[in-house]
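Peer 1: Below you will find the structure I want to go over with you.
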Amino acid sequence: MEEKKLFAVLQEERELLHKQLQLLAEQSKSCTPTELAKLSEQMVAIYSVLDPVC
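With positions in the sequence shown counted from 1, the corresponding number in the numbering used here is that position plus 1.
This is the structure:
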């Protein structure tokens with residue numbers, strides 16, 4: 002039972018991180034080069050949590 006709860010929590014966290022990536026991608030469409038660099042750093046940080054094998 003505890004394992005199912007942990008899996009559900011991890012799945013929810015992954016979904017939230019994925020949504021954050023989508024929001025950052027939307028913001029990147031209309032930002033300056035400096036802002037784009039910062040957004041890219043944030044996206045890499047999120048992706049490294051989603052796929053720690055990278």
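Cβ atoms here follow ideal geometry from the backbone N, Cα and C, with glycine treated the same way.
Identify which residue in 22, 52, 17, 53 has its Cα closest to the Cα of residue 41.
Peer 2: Translated into positions along the sequence shown, residue 41 becomes position 40. Taking only the C-alpha atoms, the option nearest residue 41 is 22.
Peer 1: CB-CB under 7 Å to residue 28, same chain, minus the five flanking residues each way: which ones, in chain order?
Peer 2: Your numbering for residue 28 matches position 27 in the sequence shown. Excluding positions up to five away in sequence, the list reads 40.
Peer 1: Rounded to whole angstroms, what's the CA-CA distance from residue 13 to residue 36? Just pull it up for me.
Peer 2: Counting from one through the sequence shown, the residue named residue 13 turns up at place 12. Counting from one through the sequence shown, the residue named residue 36 turns up at place 35. Going by the C-alpha atoms only, they are around 28 Å apart.
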